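Report on one structure; see the data block that follows.
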Amino acid sequence: MFILNFLPSWFFPLLAVIALLLFLISRFISLPQAQLVYYLSIIIFALSLFMCGANFNNDYWLTKIKEVEIKLAQAEAQSAQENTKIVEKVVTRREIVRLQGNDIVKYIDREKLVIDENCKLPELVIDIHNKAIK
Amino acid sequence: MKYIVLLTLALSGCASTVPITQQFPEAPKTLLEHCKPLRAAPQGIELSEFIKIVVDNYTEYHICSTNNSAWIEWYQMQQRIFNKDK
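Line by line, the protein sequences give chains A and B.
Position 126, counted from 1, in the first sequence is what this note's numbering calls 126; the numbers after and before it change by one each time, with no gaps.
Position 30, counted from 1, in the second sequence is what this note's numbering calls 30; the numbers after and before it change by one each time, with no gaps.
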């Protein structure tokens, strides 16, 4: 509740006590305007009780929000930790794949003469390959 | 006094907004790279050069496949983390 942001939590219990005291005073001590004080004290007491309940409800939800915020922060930290693990795994795997590719290319370079010796590549094969990569 | 009571009741209806916003989890930048296009072979090249191009293309496929697997793992892990406390 908006109003609870500006008032301390002890305000409404104090108001309720004051209203109760006013009620008792108006009942047992003769005052000028006793009737007005009597009815006002009842209204103020009811209102302050309502606001005490609202304050309690507000505090309850604020606690819940704090709990959720903590859980979210934990989840974000765990997520960041797992992200690092995934990145490390991907980078390692990519490096292995590149090294394997380079090894094969080096092997092809070493065996270049043997590979090219008796084989002329038909243009059809290159066409098929180029079609397949599109 | 009457106005104070009315004002109190009126203001008590103003609910404050809940100050929690859950951000969509940020994916690692490494996973955000696109797969490179495959290399085409020019006409009239030797078999050894042609095989090199094929090997390069396979290498690119494996790198892309690694990225894809990492995305799947990332998604499943994020889902597990963020659904844990619900």
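Every residue gets a Cβ at the ideal spot worked out from N, C-alpha and C, and that includes glycine.
All of these numbers come straight from a predicted model, not from anything done at the bench.
Going by C-alpha positions, A:A46 is about 8 Å away from A:A16. Using beta-carbon distances, B:W74 counts as an interface residue toward chain A, with a partner under 7 Å. For A:A73, the enclosing alpha helix (DSSP H) stretches over residues 34-110.
Relative to B:V54, the option among A:P122, A:N118, A:V90, A:I104 whose CA is nearest is A:I104.
Excluding sequence positions up to five before and after B:F50, its CB lies within less than 8 Å of the CB of A41, all in the same chain and listed in chain order. Listed by position along chain B, the residues whose Cβ is nearer than 7 Å to that of A:D59 form an empty set, because the closest Cβ is around 13 Å away.
For A:I128, the enclosing alpha helix (DSSP H) begins and ends at 123-133.
Approximately 12 Å separates the beta-carbon atoms of B:P25 and A:I86; this is outside 8 Å, ruling out the contact. Looking only at A:V90, A:R94, A:K71, the smallest Cα-Cα distance to B:I81 is reached by A:K71.
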